[in-house]
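Those protein sequences? They're chains A and B, same order as listed.
In terms of the working numbering, the first sequence opens at residue 1 and continues consecutively.
In terms of the working numbering, the second sequence opens at residue 1001 and continues consecutively.
We treat Cβ as the ideally placed atom computed from N, Cα and C, and that holds for glycine.
For clarity, every value in this text was computed on a predicted model and none was experimentally measured.
There are 2 protein chains.
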Amino acid sequence: MAEGVKLSDEQRIDWLRLIRSDNIGPRTFRDLINHFGGAAAALQALPGLARRGGAARPGRIATREEAEAEMKAARARGIVFVALGEPDYPLRLQMIDDPPPLLAVRGNLAILNRPLVAVVGSRNASAAGAKFAQALAHDLGVAQFGIVSGLARGIDAAAHRGSLATGTVAVLAGGHDRPYPPENVDLLESIVAEGAAVSEMPLAWEPRARDFPRRNRLISGLALGVVIVEAARRSGSLITARFAGEQGREVFAVPGNPLDPRAEGTNGLIKQGATLTTGAADVIAVLEPILGRGIEVPPAREPEAVGPAESEPGEDERARIVALLGPTPVAIDDLVRLSGAKPAIVRTVLLELEIAGRLERHGGALVSLV
Amino acid sequence: MAEGVKLSDEQRIDWLRLIRSDNIGPRTFRDLINHFGGAAAALQALPGLARRGGAARPGRIATREEAEAEMKAARARGIVFVALGEPDYPLRLQMIDDPPPLLAVRGNLAILNRPLVAVVGSRNASAAGAKFAQALAHDLGVAQFGIVSGLARGIDAAAHRGSLATGTVAVLAGGHDRPYPPENVDLLESIVAEGAAVSEMPLAWEPRARDFPRRNRLISGLALGVVIVEAARRSGSLITARFAGEQGREVFAVPGNPLDPRAEGTNGLIKQGATLTTGAADVIAVLEPILGRGIEVPPAREPEAVGPAESEPGEDERARIVALLGPTPVAIDDLVRLSGAKPAIVRTVLLELEIAGRLERHGGALVSLV
């Protein structure tokens, strides 16, 4: 079942350096690996890319010493780094658009490859909502599902509590040394006894507001489906539901009284097609057939390098592509069409701009200049 | 728009006598009219039918004096009897399986042919549920829908209250002189100011438990759709929802917290396909296209009499058909097949048994001996 190849220690250090460098997110990481054939070559190429991309100030590249220090500190805390494509990397997470190249896992690694269900919801949960979440997580746990959530107050904490004995996964928005919120630190310790805590951020990373929506893609990405227990309009839980939809995961929502603002989001999800959920049976009925089908994962392999000859843009081409960009998001397909350049060339120019900190990526393959 | 022919005073008296006679429900009434061509002929035939059906004791036939007295009392109270097929008879109600032959209406008759929506739910409503029902009825009223409900405590009363100004219809389980529950008598008086109260029962009929589910078919039958606001499992509101489904009416349900037993019924309805409803817009979105389509009603006409020659069973046939019947419900189609008799003959024998008080009709054209 476990496919994929383990990175060498050397490669793992390079991967960590690359993902910890400025302007490198999961998507850029993948593009770089695809382009240069490996992290070591990408690290070497970074300064040149940033220069050609027109970086005002070259981004910082994580040093080998920093990466080794993070590895060592993690090891001391019992945290392992699982790399994309390795046998232990969660299969479903591997299939999202922007899987973290390295996942720092504390606790029971094996739980990540069990069938997982996310249970999330409001921080200011009602007593009924929290009670429901805990019971639902318990019942799904008894049915052999691991429970993923975000360690937040309210629904998340209740979901973890309901599944401590059967196995639960807390996905952190910050690093393992900065669990949030502080009041749930004891809960986190109970979680890692049987389950696990995971993070894509550096150990000491203090989570910022925008790290929470980013983290939510991992909650849905790890799971077969996401149950939203309570959610106000425009709440973080709805972001998780949106990610779940984009990632092709099942979305479940618990109904509530229309006069309760905490039910606005969940009732809205049901109207949009989420499965109305009043208990574990509703979730199991949808997920069991999916489990039966198994997961098809493309065989993991070291990506092949694309020769510079094929994808190195000329100065003209670069200028033409940059000229097409502005503050308004534009589709990458349109850039290819309008510039007349090969897709590989356009991707290279975008990579340069990104590493120079000048490009912003939006959903749906849209990009804009910063 | 208003089609159909008015009954003569004489015919109306005969209709009232026939429907007020023992063992005659709306379905039997229709069968008798179809068979004998009119109420007067049916009344004459009743004793013979009951005898042939093997009545232990012949059922009571309402006298002309009784019918005239009921007419007179009704007139004194401002109540009119609208007969099936008359121009004022509610078009949608005419299309259900078992429309009341005579509908006693108090108040504003015209409201019955406006587009109506039923809003029903638990008697022991939550404060939030009652508030929601009242607001929903108000908003639907503003959108030109009349609101139908059952005058019960809780959700029904709230729905009437929310639509007093725009028009609301109370369907009574008993007679007009026995409104139930007593605490809503004042509300009823406010209802008939702008809207109406309707009943198929004699004026002084004290409603029994089984009259409430029977009444519920009229609530759904009058309406384009039924909104269930709160409903426990196995509650009367779910009976109304079932009637609505059988009658081809839209079913709407208001979601609630799964831990609230009053939401068990409504959440269940949504799972089964009812439209999740959090406000009037959800109802209007479904009903507006239906309104646009108009209603197709078969032209009302006096049914033609079937000659006795064609449908008078011989003794053999009668015995054969009765022998096929027992306490277990059996399909009328099967009776035709197994007896080898013509459908018209089978229907006549069933009519005789029914009038003799020996037949019970179940849903789906099933019958059994009492």
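Need the endpoints of the alpha helix (DSSP H) that Thr1348 of chain B sits in, please. Here the question's residue 1348 of chain B lines up with position 348 in the second sequence. Here the alpha helix (DSSP H) through Thr1348 of chain B covers Pro1343 to Ile1355.
Using a beta-carbon distance cut-off of less than 7 angstroms, what residues from the segment 116-146 of chain A approach chain B? Ala128, Lys131 and Phe132
Let me confirm a value: Gly1292 of chain B is counted as buried when at least 16 other C-beta atoms fall within 10 Å, else exposed. Which label applies? For the purposes of this step, residue 1292 of chain B is taken as the residue at position 292 of the second sequence. Gly1292 of chain B should be labelled exposed.
Between Ser21 of chain A and Leu49 of chain A, which are expected to be in contact by the criterion C-beta below 8 angstroms, what is the C-beta distance as a whole number of angstroms? In the first sequence, residue 21 of chain A corresponds to position 21, counting from 1. In the first sequence, residue 49 of chain A corresponds to position 49, counting from 1. About 11 angstroms separates the two Cβ atoms, so there is no contact after all.
Could you run through the segment 1253-1284 of chain B and flag, in chain order, every residue whose CB is less than 9 angstroms away from some CB of chain A? Val1254, Pro1255, Gly1256, Asn1257, Pro1258, Leu1259, Asp1260, Ala1263, Glu1264, Thr1266, Asn1267, Gly1268, Ile1270, Lys1271, Thr1275, Leu1276, Thr1277, Thr1278, Gly1279 and Asp1282
Leu102 of chain A and Ala442 of chain A - do their beta-carbons sit closer together than 8 angstroms? No answer is possible for residue 442 of chain A: the residues shown for chain A start at 1 and end at 370.
Ignore the nearest five residues each way along the sequence and tell me which others in Ile228 of chain A's own chain have a CB closer than 8 angstroms to its CB. In the first sequence, the residue the question calls residue 228 of chain A occupies position 228. Contacts found: Val120, Gly121, Ser237, Leu238, Thr240, Ala241, Val251, Phe252, Ala253, Val254, Gly265, Thr266, Leu269 and Ala274.
Ordered along the chain, which non-local residues of its own chain (more than five positions away) have a Cβ less than 7 angstroms from that of Gly154 of chain A? Along the first sequence, read from residue 1 onward, the residue named residue 154 of chain A stands at position 154. Contacts found: Gly121, Ser122, Arg123, Asn124, Ala125 and Ala130.
By alpha-carbon positions, which one of A:Asn216, A:Asp186, A:Leu187 and A:Ala193 ends up nearest to Ser199 of chain A? If you number the first sequence from 1, residue 199 of chain A lands on position 199. Per the Cα distances, A:Asn216.
Measuring only the C-alpha atoms, how far is Glu1288 of chain B from Gln1094 of chain B? If you number the second sequence from 1, residue 1288 of chain B lands on position 288. If you number the second sequence from 1, residue 1094 of chain B lands on position 94. Rounded to whole angstroms, Glu1288 of chain B to Gln1094 of chain B spans 21 angstroms at the Cα level.
May I ask you to report which of helix, strand or coil DSSP gives Ile147 of chain A? Taking the first sequence and counting its residues from 1, the one referred to as residue 147 of chain A is at position 147. The answer is strand: DSSP assigns Ile147 of chain A an E or B state.
Beta-carbon within less than 6 angstroms of Met201 of chain A's beta-carbon, same chain only, minus the 5 sequence neighbours each way: which residues are those? Along the first sequence, one-based indexing puts residue 201 of chain A at 201. Gly174 and Gly175, listed in sequence order.
Here's the rule I'm using: 16 or more other beta-carbon atoms within 10 Å means buried, otherwise exposed. How should Gly107 of chain A be labelled? If you number the first sequence from 1, residue 107 of chain A lands on position 107. Buried, since its Cβ has 16 or more Cβ neighbours within 10 Å.
Less than 8 angstroms separating the beta-carbons of Val1349 of chain B and Pro1327 of chain B? Translated into the one-based positions of the second sequence, residue 1349 of chain B becomes position 349. Translated into the one-based positions of the second sequence, residue 1327 of chain B becomes position 327. By the CB criterion at 8 angstroms, Val1349 of chain B and Pro1327 of chain B fall outside the cutoff.
Tell me the rounded alpha-carbon separation between Leu338 of chain A and Phe29 of chain A. Here residue 338 of chain A corresponds to residue number 338 of the first sequence, with the count starting at 1. Here residue 29 of chain A corresponds to residue number 29 of the first sequence, with the count starting at 1. Taking the straight line from one Cα to the other gives about 26 angstroms.
Buried or exposed: Gly1248 of chain B, going by 16 or more other Cβ atoms within 10 Å of its Cβ? By 1-based counting over the second sequence, the position of residue 1248 of chain B is 248. The residue is exposed, with fewer than 16 neighbouring Cβ atoms inside 10 Å.
Output the residue ranges of the alpha helix (DSSP H) runs that lie fully inside the segment 1008-1093 of chain B and measure 4 residues or longer, sorted by chain position. 1009-1019, 1026-1036, 1039-1052 and 1064-1076
Looking at the unbroken alpha helix (DSSP H) that takes in Val192 of chain A, where does it start and where does it end? By one-based count along the first sequence, residue 192 of chain A stands at place 192. Unbroken alpha helix (DSSP H) run through Val192 of chain A: Val185 to Glu194.
DSSP state of His1176 of chain B, grouped into three classes? Looking up residue 1176 of chain B in the second sequence gives position 176. Reduced to three states, the DSSP call for His1176 of chain B is coil.
Report back the beta-carbon spacing between Leu1359 of chain B and Leu1353 of chain B to the nearest angstrom; my notes put them in contact at under 8 angstroms. Within the second sequence, numbered from 1, the residue matching residue 1359 of chain B stands at position 359. Within the second sequence, numbered from 1, the residue matching residue 1353 of chain B stands at position 353. Right, their Cβ atoms sit about 4 angstroms apart.
For Ala356 of chain A, I'd like the list of residues in its chain whose CB is within less than 6 angstroms of its CB, leaving aside the five on either flank, ordered along the chain. Within the first sequence, numbered from 1, the residue matching residue 356 of chain A stands at position 356. Taken in chain order, the residues that qualify are Ala50, Gly53, Gly54 and Ala55.
Glu250 of chain A in three-state terms, based on DSSP: Your numbering for residue 250 of chain A matches position 250 in the first sequence. Three-state DSSP puts Glu250 of chain A in a strand.
Out of A:Lys6, A:Leu351, A:Glu315 and A:Met71, which has the shortest C-alpha to C-alpha gap to Ile13 of chain A? Counting from one through the first sequence, the residue named residue 13 of chain A turns up at place 13. Comparing Cα positions, the closest option is A:Met71.
Can you name the start and end residues of the alpha helix (DSSP H) that Arg361 of chain A belongs to? Along the first sequence, read from residue 1 onward, the residue named residue 361 of chain A stands at position 361. Counting along the chain, Arg361 of chain A falls outside any alpha helix (DSSP H), though it belongs to the beta strand (DSSP E) covering Leu359 to His362.
CB-CB length for Pro99 of chain A against Pro213 of chain A, believed under 8 angstroms: Counting from 1 along the first sequence, the entry for residue 99 of chain A is found at position 99. Counting from 1 along the first sequence, the entry for residue 213 of chain A is found at position 213. Contact flag wrong, Cβ pair sits at about 16 angstroms.
Closest residue to Ser235 of chain A among A:Leu224, A:Glu246, A:Asn257 and A:Ala209 (Cα-Cα distance): Taking the first sequence and counting its residues from 1, one reaches residue 235 of chain A at position 235. It is A:Ala209 whose Cα lies nearest to the Cα of Ser235 of chain A.
Cβ neighbour criterion (16 or more within 10 Å) applied to Gly141 of chain A: Along the first sequence, one-based indexing puts residue 141 of chain A at 141. By the 10 Å Cβ count, Gly141 of chain A comes out buried.
Which partner residues of Ile1228 of chain B appear in the DSSP bridge assignment? Indexing the second sequence from 1 puts residue 1228 of chain B at position 228. In DSSP, Ile1228 of chain B forms a bridge with B:Val1120 and B:Ala1253.
In its own chain, which residues sit with a C-beta less than 6 angstroms from the C-beta of Ser190 of chain A, not counting the 5 before and 5 after it? Within the first sequence, residue 190 of chain A is the residue found at index 190, counting from 1. Within the same chain, and ignoring the five residues on either side of Ser190 of chain A in sequence, the residues whose Cβ sits closer than 6 angstroms to its Cβ are Leu164.
Going straight from the alpha carbon of Glu1302 of chain B to that of Leu1203 of chain B, what length do you get? On the second sequence, residue 1302 of chain B is found 302 positions in, with the first residue counted as 1. On the second sequence, residue 1203 of chain B is found 203 positions in, with the first residue counted as 1. A caution first: Glu1302 of chain B carries a pLDDT of 47, below 50, which makes its placement in the model unreliable, though a value can still be read off. Going from the Cα of Glu1302 of chain B to the Cα of Leu1203 of chain B covers about 27 angstroms.
Using CA coordinates, which residue listed in A:Arg17, A:Leu224 and A:Pro182 is at the minimum distance from Val286 of chain A? The sequence position of residue 286 of chain A within the first sequence is 286, counting from 1. When C-alpha distances from Val286 of chain A are compared across A:Arg17, A:Leu224 and A:Pro182, the shortest belongs to A:Leu224.
Considering only C-alpha positions, which residue in the set B:Gly1150, B:Ala1193 and B:Pro1181 is nearest to Glu1206 of chain B? To locate residue 1206 of chain B, count along the second sequence from 1; it is residue 206. Ranking the options by Cα distance to Glu1206 of chain B, first place goes to B:Pro1181.
Beta-carbon separation of Ile33 of chain A and Ala118 of chain A under 8 angstroms? For this step, residue 33 of chain A is matched to residue 33 along the first sequence. For this step, residue 118 of chain A is matched to residue 118 along the first sequence. Contact: no.
Three-state secondary structure (DSSP) of Ser1199 of chain B: Start at 1 with the first residue of the second sequence, and residue 1199 of chain B comes out as number 199. Correct three-state label for Ser1199 of chain B: strand.
With a cut-off of 8 angstroms on the beta carbons, I'd call Ile332 of chain A and Val346 of chain A a contact; round off their distance for me. Translated into positions along the first sequence, residue 332 of chain A becomes position 332. Translated into positions along the first sequence, residue 346 of chain A becomes position 346. Sure, about 7 angstroms apart at Cβ, within 8 angstroms.
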